[in-house]
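Engineer: Below: one structure in structure tokens.
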Amino acid sequence: MAKRVPSISDAEWQVMDAVWEAPSPVTASEVVARLAPPRTGWSPRTVKTMLNRLVNKGALGFRADGKRYLYEPAVTRDACVRAQSRSFLSRVFGGATGAALLHFVEQHDLTAAEIEQLKRVLEQKRGQ
């Protein structure tokens, strides 16, 4: 059975990024340092509150190591990206992947390399 990926707010996403980027496990102090200005203007207390929220949501796991807690991701970045993408597609484009793709291609500049990569992916999709 696939593990449910929790809904993560924009602020919580920044905390998860800090944890995903760090060698696991990571202490709260290390996460606070990674999120120090200019990245965010958050106090250590704010970061620790968000770590606790992410543990409660099941996005992070932790274990005690003396007086400190060690945090590890309980979900992968890839799983969260997939869940957020599905949620976005559903909310904004009614689940229509093609409409979303067309919108982004029409509205944004793409490099020649990105265009070639899209062509390859689309050709692979056509062959399926």
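All letters in the sequence shown, in the order written, are residues 903 to 1030 by the numbering used here.
Ideal Cβ placement from N, Cα and C applies to all residues, glycine included.
(1) Three or more C-beta pairs under 8 Å: does that hold for the stretch 933 to 950 against the stretch 917 to 924?
(2) Per DSSP, which one or two residues make a beta bridge with G960?
(3) Look at the alpha carbon of L1024 and the alpha carbon of P927, and state the distance between them as a whole number of angstroms.
(4) Looking only at C-alpha atoms, which of D967, R988, Q986 and L962 sits nearest to A976?
(5) Excluding the five sequence neighbours on either side, which residues of its own chain have a C-beta within less than 8 Å of the C-beta of Q1009, listed in chain order?
(6) Between the stretch 979 to 986 and the stretch 905 to 920, can you find at least three pairs of beta-carbon atoms closer than 8 Å?
(7) Looking at the unbroken beta strand (DSSP E) that takes in R970, where does it start and where does it end?
(8) Quick check: the Cα distance between L1020 and A1014, rounded to an integer number of angstroms?
(9) Is the beta carbon of T929 less than 9 Å from the beta carbon of R970?
Structural biologist: Quick answer:
(1) yes
(2) Counting from one through the sequence shown, the residue named residue 960 turns up at place 58. According to DSSP, which records beta bridges pairwise, G960 is partnered with nothing at all.
(3) Here residue 1024 refers to the residue found at position 122 of the sequence shown. Here residue 927 refers to the residue found at position 25 of the sequence shown. So the alpha carbons of these two residues sit roughly 39 Å apart.
(4) Locating residue 976 in the sequence shown gives position 74, where the first residue counts as 1. Cα-wise, what sits closest to A976 is L962.
(5) Translated into positions along the sequence shown, residue 1009 becomes position 107. The answer is none, since no qualifying residue turns up.
(6) yes
(7) One-based indexing of the sequence shown puts residue 970 at position 68. Start and end: R970 to P975.
(8) Along the sequence shown, one-based indexing puts residue 1020 at 118. Along the sequence shown, one-based indexing puts residue 1014 at 112. Going by the C-alpha atoms only, they are around 10 Å apart.
(9) Within the sequence shown, numbered from 1, the residue matching residue 929 stands at position 27. Within the sequence shown, numbered from 1, the residue matching residue 970 stands at position 68. For T929 and R970, yes; Cβs fall inside 9 Å.
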